[in-house]
Each structure stands twice: as structure tokens, then as C-alpha cells.
Amino acid sequence: MMFVQGASVLGSGNGTAAGMAPRAHLAMYKVCSEQGCYGSDILAGMEAAIADGVDILSISLGGRPQAFHEDIIAIGSFSAMKKGIFVSCSAGNSGPLPSTLSNEEPWVLTVGASTMDRQMKAIVKLGDGRSFVGESAYQPPSLDSLPLMFELDGSENITGKVVACELEGSQIEIGRSIKDSGGSGMIALGSEDSGYTTFAAAHVLPASYLNSPDAAAVRQYIQTSNKPTASIIFNGTSLGTTPAPVVAFFSSRGPSTASPGILKPDIIGPGVNIIAAWPFKVGPNRVDEHDMVFNTLSGTSMSTPHLSGIAAIIKSAHHDWSPAAIKSAIMTTAYVVYDGKKPILDEKLNPAGHFTIGAGHVNPSEVINPGLVYDTDVEQYILYLCGLGYTDSEVEIITHQKGACSKGTKLAEAELNYPSIATRASAGKLVVNRTVTNVGDAVSSYTVEIDMPKEVKATVSPTKLDFTKKKESKTFTVRLSWDASKTKNAEGSFKWVSSKHVVRSPIVIF
């Protein structure tokens, strides 16, 4: 079934469900159980997919950062890449702290999570007249004003009251406990770290999830009011809400610990309140037939399959493109502003840096025809591993090739032909080469545009690339210099611009 009419979660978000690549064939491999996800099972599943000849591997799994030769997904994905299989992996849900990434290897697409412009509104109105817009997929009749209290040690009588909860565990299960104890409603209070991220869960009672600033206001109101009250007004699903996209607070951040000279994550995509297939009934009654099909889910495990589907679309249009070329098309066409000029924001509504968004937010309408791509072959990745200081035996674990580094040839991280650049501020300068391949019009010209802060001197030479045929490649040099005693962090980009294309690469000095 390619499309599902009337897809919703308890009636919220009603519409037609379709995957990113609705005509793709799916092969699924079970690698986890109730006991967890064992490395041997993950690797076996990846090897089975490779043997079956899949084109795309979507892996919504990850763990703590670790060396590539100790990372099962890094090992399995290298084998997939050698076979021409594109691998998309979740960045992890350990944000917003820095250096919390999973799946940092450069031969996979590392995907962070963003919000969409859809809200399932559940408005909390306090007794003092203030209102705050939260979210809930469960949209029952609005809840009239009732006494409002904190859930403390469980000994209080909560019958007929709205309970404000700090979330330590599943908000669904917390709501069920409140309902079973006689509570009439719940306000889920977002933590300080969660910022403006909100979740629209399939609750079992009238409820609303409030973002961190609004949650703080509710806490203060309860603490200072003699008789606090609250009502919850359910206002249905709204589209076109702003700002959007915003980076989800949980989306893991760079810099990479395994390879700091490679900018990660690579990209962000929709990963909050995704209407996803679900095998269990949800909601308060768990009896309605339509409740059995979908649920709202959040995480980089949701954003990753969005990007996997987009990669499948690219692969269907360009059968001969390598995984690196597909990744390049996704990254260099990404956007970093919305509404034409407003920067993508993080969970605190501050402009998001590239260690948060990578190259930016995926732009599906542009990925098929990026103009130029940064391609990379297996040999470059092997030299890159040698440049990281891995031994022959460690590289063999990853690549299954003996003596790869004993020849003495190495490639620095910054020299990998990647669609982005990252370097330590302490260096004071960087000179790197990049090679782009023309996949647009045979005869085309590109001119470079550089956008860097004034404290960084940046040049690209040559400043113009002229192509006369498809698949023609040209190499250019990027030179950066700065005062290492003064500049500790700087971000910018360079773009190759033609009459039809803008090919953007981010630069991060950290």
C-alpha cells in the first residue's frame, strides 16, 4: 500500500500518508529484541541486506561515540558503501550537549532532527488569564477550569484536578497513572534543556505538553497562587506555524569525537511528532479501529528514514551515482534559512550552528539536480583512516583489506573530498583541495561566493569553474587563515553559483 487515506493519530493530523519514496520496495531486518540490540545481530542484519542487494540502508540505531574499528555500524556500513549502497544513520538523541553524536563515520549520512510547521494544539489557560500553547495528539472536548497542582509524592488527593508533572519517563504512562488515580487532566512540563520543543503524544486523558519557558511560568503560578486553576482548550491541528523548522532539543550535536575534522551531523530533517506506522492501539479507549495504525513518534530515528527515502529518490534518478555523490547532493542543496532570510533556530530559538544542523535542512525539491557533486571512492576513505592514526589491523577490521597503512600514504581529515570543512581554531590556518564533478548541464560555469566572518581571511582558487561536458571534474583550493589567539569559533560557507544551481559547503572553525 503506497498511500493511506485518512491517516491520523486519534483524528489529529488527518491526511494522506505517503513515504518519502512511496514506490520503493522495502526489506526489513530484525536486529533488536526485548533484551536490546546486540552488535552481532546488527552486523548480521546489515550483511543480510548487503547480500540481498538493497540500494539504501536506513539505520535508526546508535550508541556512545567510539572508534570506528570498535563500531559495528561503522564496520557494516563500510562494507555497504563498498558495494555502492547508501547508508543513512541517526545522529542520536543525546542533545543538546556537544559531542554527543552516534554514527560519525564519513561514509554514512548522519541525520539530526527538526520540527515541522504542524501543531496539534492544546492550549493551557491559567486562572490568572494567561494562556500557553502546548500540544497533544489526543483532542477530546476542552477541559473546564479545575484545581491545578503539582504531582508530588503520590500521597495527595488528585481527584478532579489537573496535575502538572515533571517528566521522568513516558508521559503516556504518567498520564495513565494520573487518570487511574482520579485526575482529570495533565500538564506535561518541558525541562529546561528541552527549550521550545514540544511533543504531541497520544494521551489517555486531557493533557498538554508545554515548552520550557511556558512550563516555568506554570510552575511559578502554582507556587505563588493560593488556589491555582487551569483549563485545557483543544484547538485541533494547525499548519504553517512558525518558526519552523527548529532543531529538536534531543538531536545530538557535534563536533565529532572520532573524527573532529569531519563536520557532523551532515543534515537535519523532520523528526518531531512524526505520524508513523504503529502496531498497537493508542489513546484512552484503545478500541477505535483507526487508532491501531499510527502514532506520533519523535527522534533522530524518525528523521533518518526521511533522508533514506530522499536518497532512494536520488538513486532511482541516478543509478550510477556513488553513495558519496548522493550524500553530496543532499548536503549541498540544503537550506540554512527559512522564509527567505531567517536563520534556522535551535531549541532555545537562537541561530543554530553547523554542529547542530550540519549542512542545513534537507531540501527535497533540489536534491535530484544539484549541479555539482563531491565524490569520494573507497581508496580515499582508507587513506583517511590511515591519516587518523589507525593501525593496519584496525583498518583491516573496518575495510577487510590487509596492510592498508603500511605503505605510508595517508590523507588528513580535512583533505577528504567532503562537502563541508571543519578545522581546529588552534591551527590558525588551513589549506585544502576539493574536487567537484559536473552532473548538471554539459556546458556550465560556476563562480565562487565566500561568506565568512571578517576575522577569517578566506580565498578559493580558481574563482571560476568552466565545464564543457557531464562527469567532468575540476579541483580547487580553499585557503583559510585567522589569528588563533583571538578566534576560537567561526562559521561560514562558500558556494559555487551558476545560472541554475547554488552548491553550498559549510565551514566551521572551532
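In full-length UniProt numbering, the protein residues as written are 1 to 510. Every residue gets a Cβ at the ideal spot worked out from N, C-alpha and C, and that includes glycine.
Please list the segments of the beta strand (DSSP E) lying wholly inside the stretch 373-405, counting only runs of 3 or more residues, in order along the chain. Within the stretch 373-405, no complete beta strand (DSSP E) run reaches 3 residues.
When the distance is taken between beta carbons, is Pro305 closer than 8 Å to Gly112? Here residue 112 refers to the residue found at position 112 when the sequence shown is read from its first residue. Here residue 305 refers to the residue found at position 305 when the sequence shown is read from its first residue. Annotated as distal: Gly112 and Pro305, with beta-carbon spacing of 8 Å or more.
Give a yes or no on contact between the stretch 367-384 and the stretch 413-421, applying the rule of three or more CB pairs nearer than 8 Å. Touching, yes, given that three or more Cβ pairs across the two stretches are closer than 8 Å.
Beta strand (DSSP E) containing Glu166: first to last residue? Position 166 of the sequence shown holds residue 166. Glu166 -> beta strand (DSSP E) spans 162-166.
Under three-state DSSP, which class holds Tyr209? Position 209 of the sequence shown holds residue 209. Reduced to three states, the DSSP call for Tyr209 is strand.
With 16 other CB atoms within 10 Å as the buried threshold, where does His25 fall? Locating residue 25 in the sequence shown gives position 25, counting from the first residue. Exposed, by the Cβ-count rule.
Per DSSP, what kind of secondary structure is Ile59 in: helix, strand or coil? For the purposes of this step, residue 59 is identified with residue 59 of the sequence shown, where counting begins at 1. Collapsing the DSSP output to three states places Ile59 in a strand.
Thinking just about the alpha-carbon of each residue, which of Ala422, Met20, Val497 is nearest to the one in Pro106? Residue 106 sits at position 106 when you count from the first residue of the sequence shown. Closest in C-alpha terms to Pro106, from the list Ala422, Met20, Val497, comes Ala422.
What residues match up with Leu146 in a beta bridge as DSSP calls it? Working through the sequence shown from its first residue, we reach residue 146 at position 146. DSSP lists Ala230 as the beta-bridge partner residues of Leu146.
Rounded to whole angstroms, how far is the Cβ of His354 from the Cβ of Leu263, which I believe are closer than 8 Å? Residue mapping note: residue 354 aligns to position 354 of the sequence shown, counting from 1. Residue mapping note: residue 263 aligns to position 263 of the sequence shown, counting from 1. Taking a contact as a CB-CB distance under 8 Å, the pair His354 and Leu263 counts as one, their CB atoms being some 6 Å apart.
Shorter than 7 Å, the distance from the beta carbon of Thr423 to the closest heavy atom of the ligand GDP, or not? In the structure shown, the ligand GDP is absent, as is every other ligand, since no ligand is present at all.
Please name the residue, chosen from Pro279, Pro351, Lys486, Asp320, that lies closest to Val439 on a Cα-to-Cα basis. As a first step, residue 439 must be located in the sequence shown, where it is residue number 439. Of Pro279, Pro351, Lys486, Asp320, the residue nearest in Cα terms is Asp320.
Rounding to the nearest angstrom, what Cα-Cα distance links Thr257 and Val456 in this structure? Numbered from 1 along the sequence shown, position 257 holds the residue referred to as residue 257. Numbered from 1 along the sequence shown, position 456 holds the residue referred to as residue 456. Val456 has its alpha-carbon roughly 25 Å from the corresponding atom of Thr257.
Grouping DSSP H, G and I as helix and E and B as strand, with all else coil, what is Glu192? For the purposes of this step, residue 192 is identified with residue 192 of the sequence shown, where counting begins at 1. The answer is coil: DSSP assigns Glu192 none of H, G, I, E or B.
Do Ala202 and Asn295 have their beta-carbon atoms positioned less than 8 Å apart in this structure? Here residue 295 refers to the residue found at position 295 when the sequence shown is read from its first residue. Here residue 202 refers to the residue found at position 202 when the sequence shown is read from its first residue. Yes, these two residues count as a Cβ contact at 8 Å.
Please classify Leu101: is it buried, with 16 or more other beta-carbons within 10 angstroms of its beta-carbon, or exposed? The residue given as residue 101 occupies position 101 in the sequence shown. Buried, by the Cβ-count rule.
Checking 8 Å against the spacing of the C-beta atoms, do Ala164 and Ile178 come in under that value? Locating residue 164 in the sequence shown gives position 164, counting from the first residue. Locating residue 178 in the sequence shown gives position 178, counting from the first residue. Taking 8 Å as the cut-off, the beta carbon of Ala164 is found no closer than this to the beta carbon of Ile178.
Take the Cβ of Ser445 as the centre, count every other Cβ of all protein chains shown within 10 Å, and call the residue buried at 16 or more, exposed below. The residue labelled residue 445 in the question sits at position 445 within the sequence shown. Around the beta carbon of Ser445, a 10 Å sphere encloses fewer than 16 other beta carbons of the protein chains shown; the residue is thus reported as exposed.
What do you reckon, are the CB atoms on Ile85 and Ile56 nearer than 8 Å? As a working note, residue 85 is residue 85 in the sequence shown. As a working note, residue 56 is residue 56 in the sequence shown. Note that the C-beta distance between Ile85 and Ile56 is below 8 Å.
Count the C-beta pairs between the stretch 267-286 and the stretch 113-121 that are closer than 8 Å, then say yes if the count reaches three, no if not. The stretch 267-286, when compared against the stretch 113-121, does touch it at the 8 Å Cβ threshold.
Determine the DSSP secondary structure at Thr16, reduced to helix, strand or coil. Reading the sequence shown from its first residue, position 16 is the one you call residue 16. In the three-state reduction of the DSSP assignment, Thr16 falls in the strand class.
Mapping the DSSP letters down to three states, classify His361 as helix, strand or coil. Counting from one through the sequence shown, the residue named residue 361 turns up at place 361. Strand, per DSSP.
Tell me which same chain residues have a C-beta within less than 7 Å of the C-beta of Lys125, skipping the five on either side of it? Against the sequence shown, residue 125 aligns to sequence position 125. These residues qualify, in order along the chain: Ser131, Ala230, Ser231, Ile233.
Just to confirm the assignment, what range does the beta strand (DSSP E) spanning Pro270 have? The residue you call residue 270 lines up with position 270 of the sequence shown. Counting along the chain, the beta strand (DSSP E) containing Pro270 begins and ends at 267-270.
Who does residue 539 pair with in a DSSP beta bridge? A question about residue 539 goes unanswered here, because the residues of the chain that appear run from 1 up to 510.
Please determine, among Ser420, Pro419, Gly389, the residue with the shortest C-alpha to C-alpha distance to Cys405. As a position in the sequence shown, residue 405 is number 405, starting the count at 1. Comparing C-alpha distances from Cys405 to each of Ser420, Pro419, Gly389 shows the shortest one belongs to Gly389.
For Phe132, which three-state DSSP category applies? Working through the sequence shown from its first residue, we reach residue 132 at position 132. Note: Phe132 maps to strand in three-state DSSP.
Between which two residues does the alpha helix (DSSP H) carrying Thr332 extend? Position 332 of the sequence shown, counted from the first residue, corresponds to residue 332. Bounds of the alpha helix (DSSP H) holding Thr332 are 323-332.
Taking C-beta to C-beta, are Ser33 and Ile59 nearer than 8 Å? Position 33 of the sequence shown, counted from the first residue, corresponds to residue 33. Position 59 of the sequence shown, counted from the first residue, corresponds to residue 59. Not closer than 8 Å, so no.
6 Å Cβ shell around Val508 - same chain, five flanking residues per side excluded: Numbered from 1 along the sequence shown, position 508 holds the residue referred to as residue 508. Within the same chain, and ignoring the five residues on either side of Val508 in sequence, the residues whose Cβ sits closer than 6 Å to its Cβ are Leu263, His354, Ala422, Glu491.
Below 8 Å between beta carbons: does that hold for Ser181 and Ile158? If you number the sequence shown from 1, residue 181 lands on position 181. If you number the sequence shown from 1, residue 158 lands on position 158. Ile158 is positioned such that its CB atom lies closer than 8 Å to that of Ser181.
Evaluate Gly261 with the Cβ neighbour count: other Cβ atoms within 10 Å of its Cβ, from every protein chain shown; 16 or more gives buried, anything less gives exposed. For the purposes of this step, residue 261 is identified with residue 261 of the sequence shown, where counting begins at 1. With 16 or more neighbouring CB atoms inside 10 Å of its own CB, Gly261 falls in the buried class.
According to DSSP, which residues form a beta bridge with Tyr221? Stepping through the sequence shown from its first residue, residue 221 is reached at position 221. None; Tyr221 has no bridge partner.
Please identify the residue among Gly371, Val367, Ala137, Pro245 whose C-alpha is closest to the C-alpha of Gly340. Locating residue 340 in the sequence shown gives position 340, where the first residue counts as 1. When the alpha-carbon of Gly340 is set against those of Gly371, Val367, Ala137, Pro245, the nearest one is in Pro245.
With 16 other CB atoms within 10 Å as the buried threshold, where does Pro22 fall? Sequence index remark: in the sequence shown, residue 22 carries index 22 (1-based). Around the Cβ of Pro22, a 10 Å sphere holds fewer than 16 other Cβ atoms; the residue is exposed.
Inter-residue spacing [alpha-carbon to alpha-carbon] between Val448 and Val460: Numbered from 1 along the sequence shown, position 448 holds the residue referred to as residue 448. Numbered from 1 along the sequence shown, position 460 holds the residue referred to as residue 460. Distance between Val448 and Val460, taken at the CA atoms: about 7 Å.
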